[in-house]
Amino acid sequence: MNKESLLEELLNIQSGYAFKSKLYGESGHFLVRIRNVQDGFLCLDKPKYVVLDDKTKRFALDEGDLLTSLTGNIGRVARVEKAHLPAALNQRVARLTVIDPSTLSADYLYHFLSSDLFKNELAATGHGAAQQNVSPAAIGKLIIPLPPLPEQKRIVAILDEAFAGISKAVANAEKNLANAHELLESYLCSVFIRKGEGWKLKILGEACDLFQGLAINKGTKHLLVDHSSLPLLRIKDLRNGTQEQFVCEEGYPPNALVAEDDILYTRTGQIGLVFRGRRGVLHNNCFKIVPREGLRRTFLFWWLQNRDFKREIVRLASRAAQPDITHKIFKAQPILIPPLSTQVSIAESIEKLYSKTRHLESIYQQKLSALAELKQSILQKAFTGELKKDTVKKQLAN
14 MNKESLLEEL LNIQSGYAFK SKLYGESGHF LVRIRNVQDG FLCLDKPKYV
64 VLDDKTKRFA LDEGDLLTSL TGNIGRVARV EKAHLPAALN QRVARLTVID
114 PSTLSADYLY HFLSSDLFKN ELAATGHGAA QQNVSPAAIG KLIIPLPPLP
164 EQKRIVAILD EAFAGISKAV ANAEKNLANA HELLESYLCS VFIRKGEGWK
214 LKILGEACDL FQGLAINKGT KHLLVDHSSL PLLRIKDLRN GTQEQFVCEE
264 GYPPNALVAE DDILYTRTGQ IGLVFRGRRG VLHNNCFKIV PREGLRRTFL
314 FWWLQNRDFK REIVRLASRA AQPDITHKIF KAQPILIPPL STQVSIAESI
364 EKLYSKTRHL ESIYQQKLSA LAELKQSILQ KAFTGELKKD TVKKQLAN
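Residue numbers (my numbering): 14 to 411.
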């Protein structure tokens, strides 16, 4: 059986510094905040920079440093690359460095930290109601299997080869998934810009009615109840299919009531998302859109999702300090409306393509899930003494 050791016996574990936002600048060291630490990579989105001084220079990062998140989705692990430097360590992110490379391989450690074995043990030490938190000390108390260095290197070589193949398969599946999305997007753009015989140009205010949802404030919070047949439909509920808050079955604004065939449109925050198929009371951050005579509901549902319209809506909303789509802005937007028979034909063709793309997306998502499970299965074998190259090759071939 392999030897085991506490991580604190093998690693220096350093928590980051609480840099104040007022110290952020346009240049200096890239500040690695918890949002930057993702599973397997550092995200460079919305970077912040700081200048280090004698007090903070010990938080400068080096190429090859291993980082892990200490808050929220704890246990995400990333490695610092040369392209990230110069960089600095922010609070709620920990740096893990090997004390003695002749005892523990940094690459072996990286794979261990990427395994569910580590993540699950770490999660068990977490505390906090709203979001989990762990301490560097808690990480130090976790146990790592520690075979001799030659065995560590053998394991790393097998994992690196296997994961290169998995990464290639993931990239292909993600590309196919993106292509499925683009297929529908492109069709929506093309079908709604073709003006044929009998098409009429109107503004949305002439073609449909707009109703705003229930604003939850001091005067209406009494309408929230522990449970009822009417869920409150916020943007997060529409996106995730959840029911977390409920509205009293009496006293709500009648126009905020939503049936399954109603079209719902997000007007603040994540602007321009379109939903249907929900029943409940709509939150104030959305519109309910009801087409008038001469405009088919299904045609309007898909028209609202065409890329050109969404871009214009987002552009108009971004003019305000707090991005928001008002009734006035929405109703002023032009829409090309074909004859009813053409609306039906267009909607049916889109629905068929949508079903096809959803089927493809499901296949590619299942493929991505299977690849993620395969990776964890291989890692599990690596850290329980069961990793064999021939077995891994067979798993990858299936």
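Just so you know, even glycine gets a beta-carbon here, dropped at the ideal spot from N, CA and C.
Note that this is a predicted model, so its numbers are computed, not measured.
For residue i, does the three-state DSSP call read helix, strand or coil?
i: residue 128; result: coil
i: residue 18; result: strand
i: residue 51; result: strand
i: residue 159; result: strand
i: residue 147; result: coil
i: residue 322; result: helix
i: residue 62; result: strand
i: residue 200; result: helix
i: residue 25; result: strand
i: residue 403; result: helix
i: residue 293; result: strand
i: residue 213; result: strand
Please work out which residues of its chain come closer than 8 angstroms, Cβ to Cβ, to residue i, disregarding the five sequence neighbours upstream and downstream, and give them in chain order.
i: residue 14; result: Bear in mind that the predicted position of residue 14 carries a pLDDT of just 45, short of 50, making it too unreliable to give a figure here.
i: residue 30; result: 69, 72, 101, 102, 103, 104
i: residue 129; result: 389, 392, 393
i: residue 260; result: 227, 236, 237, 238, 241, 243, 244, 245, 293, 294
Going by beta carbon distance, what residues of the same chain come within less than 6 angstroms of residue i, once the five residues before and after it are set aside?
i: residue 55; result: 49, 91, 97
i: residue 273; result: 290, 292
i: residue 37; result: 61
i: residue 406; result: none
i: residue 447; result: Residue 447 cannot be examined here, being either before or after the span of the chain that is shown, 14 to 411.
i: residue 145; result: 87, 139
i: residue 377; result: 186, 189, 190
i: residue 281; result: 298, 337
i: residue 132; result: 88
i: residue 136; result: none
i: residue 149; result: 26, 28, 107
By how many angstroms is the C-alpha of residue j removed from the C-alpha of residue i?
i: residue 245; j: residue 198; result: 30 angstroms
i: residue 264; j: residue 229; result: 13 angstroms
i: residue 188; j: residue 181; result: 11 angstroms
i: residue 153; j: residue 24; result: 8 angstroms
i: residue 256; j: residue 238; result: 12 angstroms
i: residue 251; j: residue 276; result: 12 angstroms
i: residue 408; j: residue 383; result: 11 angstroms
i: residue 283; j: residue 301; result: 16 angstroms
i: residue 65; j: residue 75; result: 14 angstroms
i: residue 370; j: residue 183; result: 19 angstroms
i: residue 269; j: residue 42; result: 49 angstroms
i: residue 185; j: residue 410; result: 16 angstroms
i: residue 107; j: residue 357; result: 57 angstroms
i: residue 320; j: residue 311; result: 17 angstroms
i: residue 79; j: residue 332; result: 41 angstroms
i: residue 205; j: residue 403; result: 54 angstroms
i: residue 94; j: residue 176; result: 18 angstroms
i: residue 117; j: residue 165; result: 8 angstroms
i: residue 1; j: residue 174; result: The first residue shown for the chain is 14 and the last is 411, placing residue 1 beyond what the model contains.
i: residue 262; j: residue 314; result: 28 angstroms
i: residue 112; j: residue 22; result: 8 angstroms
By Cβ distance, which residues of its chain are closer than 7 angstroms to residue i, with the 5 residues on each side in sequence left out?
i: residue 212; result: 349, 350, 351
i: residue 225; result: 297, 300
i: residue 330; result: 284, 336, 337, 338
i: residue 305; result: 220, 221, 222
i: residue 278; result: 287, 299, 300, 302, 317
i: residue 124; result: 169, 172, 392, 395
i: residue 32; result: 44, 63, 103
| task | Assess, as a yes-or-no matter, whether the segment 290-306 is touched by the segment 320-332 under the definition of 3 or more beta carbon pairs within less than 8 angstroms. | result | no
| message | If we require 3 or more residues per run, which beta strand (DSSP E) segments fall completely within the segment 87-115? | response | 90-92, 100-102, 106-111
| Secondary structure, alpha helix (DSSP H): runs of 4+ residues fully inside the segment 330-390 | Runs of the alpha helix (DSSP H) inside the segment 330-390: 340-344.
| field | Inter-stretch contact at 8 angstroms, needing at least 3 Cβ pairs: the segment 195-214 / the segment 383-403 | value | The answer is no - the segment 383-403 does not touch the segment 195-214, with fewer than three Cβ pairs under 8 angstroms.
| field | Segment contact flag, the segment 160-171 with the segment 333-352, C-beta cutoff 8 angstroms, min 3 pairs | value | no
| Does the segment 366-381 come within contact of the segment 102-122, defined as at least 3 CB pairs closer than 8 angstroms? | No, they do not touch.
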